[in-house]
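Colleague: One structure coming up, written as structure tokens, with questions to follow.
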Amino acid sequence: MNECLHAAVTALTKNQAEHYDKYHCLRRLPDDVKTCRNYAYLQEIYDAVRATDSVSTKDFMAKLGEYLILTAFSHNCRLERAFKCLGTNLTEFLTTLDSVHDVLHDQDDALKDETVEYEANFVCTTSQEGKIELHLTTESEPVAYLLVGSLKSIARLLYDTQTDIRLTSYTNDPRRFKYEINAVPLHQKSKDSDCEQSEASNIATSTKVTDLKIGVASFCKAFPWHFVTDKRLELVQLGAGFMRLFGTYLASHGSSLGTYFRLLRPRGVPLDFREILKRVNTPFMFCLKVPGSSSPAEVSDHLVLIM
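Written out as structure tokens, the structure is:
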């Protein structure tokens, strides 16, 4: 990572040679970071820039984030192809990255304590206005500012998209940051493509639950291993398979999700509607807790929010 950062710093300062005096603060940094093990290079860059009045810290870190992606892609074409596999647009990219991040974060089982609740530290959602909202929790303030530029480069290079990113931090928790991203494609599709899309939209299915053509009973038979809860996580609908397992216990044991299921993954996540909603892009694994049974079974699936 330090070598990539060094390449980005070098490219940035050379490309803007007319502003050489502005970057005088960076001269104290080492010229070679390959031999510097466990060196907090990003923090050193951040501290050096913040100590001078000639450069805006946030602007510099954002620009460095842009050059970090530029240099990384130019030195490794496979990295660019790997990034493209995460989605066909910026929204898909961040949504998939959200899921991948949670899965990778959860793989280090040895360091996880199931009794401790872990908050989601990379969450991508979409606002009602259609803007992308990214919520990041990090102990490193420089990372938060660096990400602004990196996202801009990724959007432009991979998806030919211009972005306007507004970064805000939470006063009650300095580790939490919110990115409001307005993404606009630089080149609109052709008129023929627009016509095809408009024709497709005319026959698009409804998003209203009341317009569902299949009845509840038929749905439960067709999808035997599904369940539906309300915001209190009370079971309001069960597939035929789950009904056979513990349908007879609902009257005596209640309908709380926690009575019949234990959340295994993501680890440390409480059975709480808001916490689950933060990880809506993440695969979940539950353990069945059938009353009177000593052999638990695991169920793996995605959770879907239906408004």
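Following UniProt numbering, the numbering of the sequence shown begins with 1 at its first residue and continues without gaps.
Backbone N, C-alpha and C define an ideal beta-carbon position, used for all residues, glycine too.
Values in this document were obtained by computation on a predicted structure and should not be read as measured data.
1. Contact between the region 26-34 and the region 57-74: three or more CB pairs below 8 Å?
2. Taking the DSSP output, what are the residues bridged to Ser169?
3. Does DSSP classify Met1 as helix, strand or coil?
4. Nearest CA to the CA of Tyr67: which residue from Leu147, Leu263, Val123, Gly268?
5. Can you list, in chain order, the residues of its chain with a C-beta nearer than 6 Å to that of Val9? Leave out the 5 residues immediately preceding and following it.
6. When we look at the beta-carbon of His187 and count the other beta-carbons within 10 Å, is it buried (16 or more) or exposed?
7. Which residue spans inside the UniProt domain "Heme NO-binding" (43-166) form an unbroken alpha helix (DSSP H) run of at least 4?
8. Taking Cβ positions, are Thr91 and Ile45 nearer each other than 9 Å?
9. Thinking C-alpha only, which one of Arg232, Glu234, Met243 is nearest Lys221?
10. What number of angstroms, rounded off, separates the C-alpha of Ser190 from the C-alpha of Ser127?
11. In its own chain, which residues sit with a C-beta less than 6 Å from the C-beta of Arg176, not counting the 5 before and 5 after it?
12. Do we get a CB-CB distance below 9 Å when we pair Met285 with the residues of chain B?
13. Decide yes or no for the touch test of the region 67-81 against the region 139-155: beta carbon pairs closer than 8 Å, at least 3 of them.
14. Residue 385 bridges to which residues according to DSSP?
15. Mind checking which residues open and close the beta strand (DSSP E) that includes Val228?
16. On a Cα-Cα basis, can you pick out the residue from Glu234, Phe93, Lys152 that is closest to Arg166?
17. Measuring only the C-alpha atoms, how far is Pro30 from Val49?
18. Could you tell me the distance, in whole angstroms, from the CA atom of Asp98 to the CA atom of Leu86?
19. Looking at the structure shown, is Ala183 part of a helix, part of a strand, or coil, going by DSSP?
20. Helix, strand or coil: which one does DSSP assign to Phe223?
Modeller: In short, the structure shows the following:
1. no
2. To locate residue 169, count along the sequence shown from 1; it is residue 169. Answer is Phe177, bridged to Ser169.
3. As a position in the sequence shown, residue 1 is number 1, starting the count at 1. Three-state DSSP puts Met1 in coil, outside helix and strand.
4. For the purposes of this step, residue 67 is taken as the residue at position 67 of the sequence shown. For the residues Leu147, Leu263, Val123, Gly268, the minimum Cα distance to Tyr67 belongs to Leu147.
5. By one-based count along the sequence shown, residue 9 stands at place 9. Around Val9: no qualifying Cβ.
6. Here the question's residue 187 lines up with position 187 in the sequence shown. With fewer than 16 Cβ atoms within 10 Å of its Cβ, His187 is classed as exposed.
7. 57-75, 77-84, 90-107, 141-159
8. As a working mapping, residue 91 is identified with position 91 in the sequence shown. As a working mapping, residue 45 is identified with position 45 in the sequence shown. No; because the gap between Cβ atoms is not below 9 Å, this pair is not in contact.
9. In the sequence shown, residue 221 corresponds to position 221, counting from 1. Closest by alpha carbon: Met243.
10. Here the question's residue 190 lines up with position 190 in the sequence shown. Here the question's residue 127 lines up with position 127 in the sequence shown. The predicted position of Ser190 is uncertain, since its pLDDT is 45 and thus under 50; a value taken from the coordinates is nonetheless stated next. Cα-Cα distance, rounded: 27 Å.
11. Within the sequence shown, the letter at position 176 stands for residue 176. Hits under 6 Å: Thr137, Tyr170.
12. Looking for chain B here will not work: only one protein chain is present.
13. yes
14. With the chain covering only 1 through 307, there is no way to say anything about residue 385.
15. Sequence index remark: in the sequence shown, residue 228 carries index 228 (1-based). From DSSP, the beta strand (DSSP E) with Val228 extends over 227-229.
16. As a first step, residue 166 must be located in the sequence shown, where it is residue number 166. The shortest C-alpha separation from Arg166 is found at Lys152.
17. On the sequence shown, residue 30 is found 30 positions in, with the first residue counted as 1. On the sequence shown, residue 49 is found 49 positions in, with the first residue counted as 1. Each residue's alpha carbon lies about 15 Å from the other.
18. For the purposes of this step, residue 98 is taken as the residue at position 98 of the sequence shown. For the purposes of this step, residue 86 is taken as the residue at position 86 of the sequence shown. Near 10 Å, if we compare the C-alpha coordinates of Leu86 and Asp98.
19. Taking the first residue of the sequence shown as 1, we reach residue 183 at position 183. It is a strand residue.
20. Taking the first residue of the sequence shown as 1, we reach residue 223 at position 223. Here Phe223 sits in coil by DSSP.
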